[in-house]
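*Asks:* Below you'll find the structure I mean.
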Amino acid sequence: MGDGTSNGPMSVRTAREVYKSLKTPEAVTIYCSMPVSTPVSLPAMPAIGADVRETDDTFFKVFDFRFVNGKPYDEATFNAGTPVAVITESISRALFGSTESAGKEFLLNHAPYRVVGVVKDVSTLADASYGQVWIPFTSTDLPSDTWSDQHMGMMSVTILARSHDDFGEIRAEAKRRMSEYNSILADQGYTLIDRNRPYDQETQSISFAANLEPDLKSARRERAIIFIILLLVPAINLSSMTQSRLRQRVAEIGVRRAFGSTRMEMVGQIIMENLVVTLLAGAVGLFISIVMAYLGTDILFAQPYSATLNAPTVDSSILLHPSTFLYALLFCFVLNLLSSGIPAWRASRTSIVNALGGRIH
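Written out as structure tokens, the structure reads:
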């Protein structure tokens, strides 16, 4: 920007002009790009540190929060800059001894704030929505924390589309708004560079730096290679094990063939036997993985960069997602086909005479 470049979050003004004005999305929220550790307390009580994120009222429409008491602050409260807060269960218990704290007051950085809602704790892995206390940014001086003639600041934006089909139109509309805004800034010698933003969740998840556009194709290719290796290596090993077990059952195969079993029946039974074993092993592996994930949270879910000093936290809603479980079952099924299908077919083609003699070929 100007004579050089400046990478970082945007100001409230830029966020409103470029993104909040979009018509295609269902909702657009503006919020502080990272939470800030801030003292919270009750009068005559020692303060505790809490990660505070400043947001608008739309924030709670874009992100999914589970309210256990009260409700989020509304548009009127936000516009008025009323000092209210949504807090997590853990902060509510630490301050008030229970989660029923809506309507009660506490001190946030020595300023009085009233609790309007209490939510379930949010995982630190939820970079955009994580916090322990959420307050309207209109209740602080955050909007004035800007540079580059008020074009850069401390704010980020998340867009909620009505459907996946709207992504293209949202990007096109955002490009038009950025172009219009840049035409105004040109007189001041500034140009905003969006690096093909807004990103979808997949692209944002691999984004590392504000001045580098993520390479989605490369990331997908790396994941595909890893998945293929994870699928093929165990399949080859299991195929060898299946072949070894079938050699021990050659005589059984011969007897069953002699009594009228067809090749397809033999193949089907062998595959089903291996499928049961694979699914049982998959279930055991899934259970062990969950246990290890809980025990090794600090190592497995360590982030290369985090705005909070709190250790990574996960819960069952993150570790056990229905689609993930179904993909795991599909993985087990494909692994079973690869490891037992070919050996079973070869064993079924063994002649009855050779099978009875203990020879698989």
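When we follow my numbering, the leftmost residue of the sequence shown carries the number 1, and every step to the right adds one. Heads up, the beta-carbon is just placed ideally off N, CA and C, and yes, glycines get one too.
Among the residues of its own chain, which have a CB less than 7 Å from the CB of F60, if the five just before and after it don't count?
*Replies:* Within the sequence shown, numbered from 1, the residue matching residue 60 stands at position 60. If we look at F60 and ignore the five residues flanking it on each side, its Cβ neighbours are P72.
*Asks:* Just the C-alpha distance for E252 and L125, rounded to the nearest angstrom, thanks.
*Replies:* Here the question's residue 252 lines up with position 252 in the sequence shown. Here the question's residue 125 lines up with position 125 in the sequence shown. C-alpha separation (whole angstroms): 54 Å.
*Asks:* For S139 versus Y113, is the C-beta spacing smaller than 9 Å?
*Replies:* Within the sequence shown, the letter at position 139 stands for residue 139. Within the sequence shown, the letter at position 113 stands for residue 113. It is a contact, given that the beta carbons lie within the stated cut-off.
*Asks:* Sort T29, F137 and S41 by Cα distance to A80 and report the nearest one.
*Replies:* Residue mapping note: residue 80 aligns to position 80 of the sequence shown, counting from 1. Ranking T29, F137 and S41 by Cα distance to A80 puts F137 first.
*Asks:* For a quick check, are the C-beta atoms of T88 and G131 less than 9 Å apart?
*Replies:* Position 88 of the sequence shown, counted from the start, is the residue given in the question as residue 88. Position 131 of the sequence shown, counted from the start, is the residue given in the question as residue 131. Cβ atoms of T88 and G131: closer than 9 Å.
*Asks:* Rounding to the nearest angstrom, what Cα-Cα distance links F325 and F227 in this structure?
*Replies:* Locating residue 325 in the sequence shown gives position 325, counting from the first residue. Locating residue 227 in the sequence shown gives position 227, counting from the first residue. The alpha-carbon atoms of F325 and F227 are separated by roughly 16 Å.
*Asks:* Below 9 Å between beta carbons: does that hold for V68 and V116?
*Replies:* Taking the sequence shown and counting its residues from 1, one reaches residue 68 at position 68. Taking the sequence shown and counting its residues from 1, one reaches residue 116 at position 116. Going by C-beta atoms, V68 is not nearer than 9 Å to V116.
*Asks:* In angstroms, rounded to a whole number, what distance separates the CA positions of L232 and W147?
*Replies:* One-based indexing of the sequence shown puts residue 232 at position 232. One-based indexing of the sequence shown puts residue 147 at position 147. Their backbone Cα atoms lie some 53 Å apart in a straight line.
*Asks:* Within 10 Å of its beta-carbon, does E54 have 16 or more other beta-carbons around it, so buried, or fewer, so exposed?
*Replies:* Residue numbering aside, residue 54 sits at position 54 when the sequence shown is read from its first letter. So E54 ends up on the buried side.
*Asks:* My output table needs one value for M1: the three-state DSSP class, helix, strand or coil.
*Replies:* As a position in the sequence shown, residue 1 is number 1, starting the count at 1. Bear in mind that a pLDDT of 43 at M1, under 50, signals an unreliable position, so the number given afterwards is only what the model happens to contain. Of the three classes helix, strand and coil, the one that applies to M1 here is coil, per DSSP.
*Asks:* Taking L185 as part of the alpha helix (DSSP H), name the residues at either end of that continuous run.
*Replies:* Position 185 of the sequence shown, counted from the first residue, corresponds to residue 185. Where L185 is concerned, the enclosing alpha helix (DSSP H) stretches over F167 to L185.
*Asks:* Report, in whole angstroms, the separation of the C-beta atoms of V52 and V157, which I expect to be a contact under 8 Å.
*Replies:* Counted from its first residue, the sequence shown places residue 52 at position 52. Counted from its first residue, the sequence shown places residue 157 at position 157. Not quite, the Cβ-Cβ distance comes to about 19 Å (not below 8 Å), so this is no contact.
*Asks:* To the nearest angstrom, how far is the alpha carbon of A328 from that of F106?
*Replies:* As a position in the sequence shown, residue 328 is number 328, starting the count at 1. As a position in the sequence shown, residue 106 is number 106, starting the count at 1. Each residue's Cα considered, the two are about 46 Å apart.
*Asks:* Buried or exposed, going by whether 16 or more other CB atoms sit within 10 Å of the CB of M154?
*Replies:* In the sequence shown, counting from the first residue as 1, residue 154 sits at position 154. Result: buried.
*Asks:* Within the continuous alpha helix (DSSP H) that includes V157, where are the two ends?
*Replies:* Taking the first residue of the sequence shown as 1, we reach residue 157 at position 157. Note, V157: premise wrong, no alpha helix (DSSP H); beta strand (DSSP E) at M155 to L160.
*Asks:* Taking buried to mean at least 16 other C-beta atoms within 10 Å of its own C-beta, is E222 buried or exposed?
*Replies:* Locating residue 222 in the sequence shown gives position 222, counting from the first residue. Exposed, by the Cβ-count rule.
*Asks:* For D200, tell me which candidate among S6, I225 and D166 has the shortest Cα-Cα distance.
*Replies:* Taking the first residue of the sequence shown as position 1, residue 200 is located at position 200. Considering only alpha carbons, the answer is D166.
*Asks:* Please give me, in chain order, every unbroken run of the alpha helix (DSSP H) with length at least 4 that falls completely inside the segment 247-282.
*Replies:* Counting whole runs of 4 or more residues, the segment 247-282 contains the alpha helix (DSSP H) stretches 250-258.
*Asks:* Return helix, strand or coil for A85, following the three-state DSSP convention.
*Replies:* Along the sequence shown, read from residue 1 onward, the residue named residue 85 stands at position 85. A85: strand per DSSP, three-state reduction.
*Asks:* Return the residue from the list L142, K175 and S207 that minimises the CA-CA distance to R13.
*Replies:* Position 13 of the sequence shown, counted from the first residue, corresponds to residue 13. That would be L142, whose Cα lies nearest to the Cα of R13.
*Asks:* Rounding to the nearest angstrom, what Cα-Cα distance links V277 and C332 in this structure?
*Replies:* Here residue 277 corresponds to residue number 277 of the sequence shown, with the count starting at 1. Here residue 332 corresponds to residue number 332 of the sequence shown, with the count starting at 1. Whole-angstrom Cα-Cα distance: 10 Å.
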